[in-house]
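**Q**
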Amino acid sequence: MPAPYRSTPVFDERTLPDALRRRHNTKAGVWGIVRVLEGRLKLTYVDPPSAVVLEQGGSGLLLPQQDHFVEPLGPMKMRVDFYDTPPDQA
1 MPAPYRSTPV FDERTLPDAL RRRHNTKAGV WGIVRVLEGR LKLTYVDPPS AVVLEQGGSG
61 LLLPQQDHFV EPLGPMKMRV DFYDTPPDQA
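First residue of the sequence shown? That's 1 in UniProt numbering, and the numbers climb one at a time after it.
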């Protein structure tokens with residue numbers, strides 16, 4: 001698996017930026033993996049509409065320019081890793 005070229009800080013339910021709680025996307029040519037380190041997080045994809053609840057140790061793939069947002073489901077810790085080639089999701 002390629003190493004991410006950048007990662008966000010680890011956020012919890014209090015420090016998660018509003019920008020990640022609202023509709024946003026990755027840039028062209030950028031994949032992301034939302035990684036839940038503790039707790040639970042809802043990841044919502046805007047188009048096509050779908051949502052998944054990620055548990056501790058789980059991850060969700062973000063495709064380039066894919067609109068999405070996240071919502072903490074209680075106490076949690078998460079980060080996003082960014083890749084410039086399609087990552088394995090492990």
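A virtual CB, placed ideally from N, CA and C, is assigned to each residue, including glycine.
What are the start and end residues of the beta strand (DSSP E) that includes residue 124?
**A** Outside the modelled stretch of the chain, which goes from 1 to 90, sits residue 124, for which no answer is possible.
**Q** Going by DSSP, what residues sit across from Tyr-45 in a beta bridge?
**A** In DSSP, Tyr-45 forms a bridge with Ser-50, His-68.
**Q** Could you tell me how far apart the beta carbons of Pro-64 and Val-30 are, in whole angstroms, since I believe they sit closer than 8 Å?
**A** Indeed they touch by this definition, with Cβ atoms about 6 Å apart.
**Q** Could you tell me the alpha carbon to alpha carbon distance between Leu-62 and His-24, rounded to whole angstroms?
**A** Roughly 11 Å between the two C-alpha positions.
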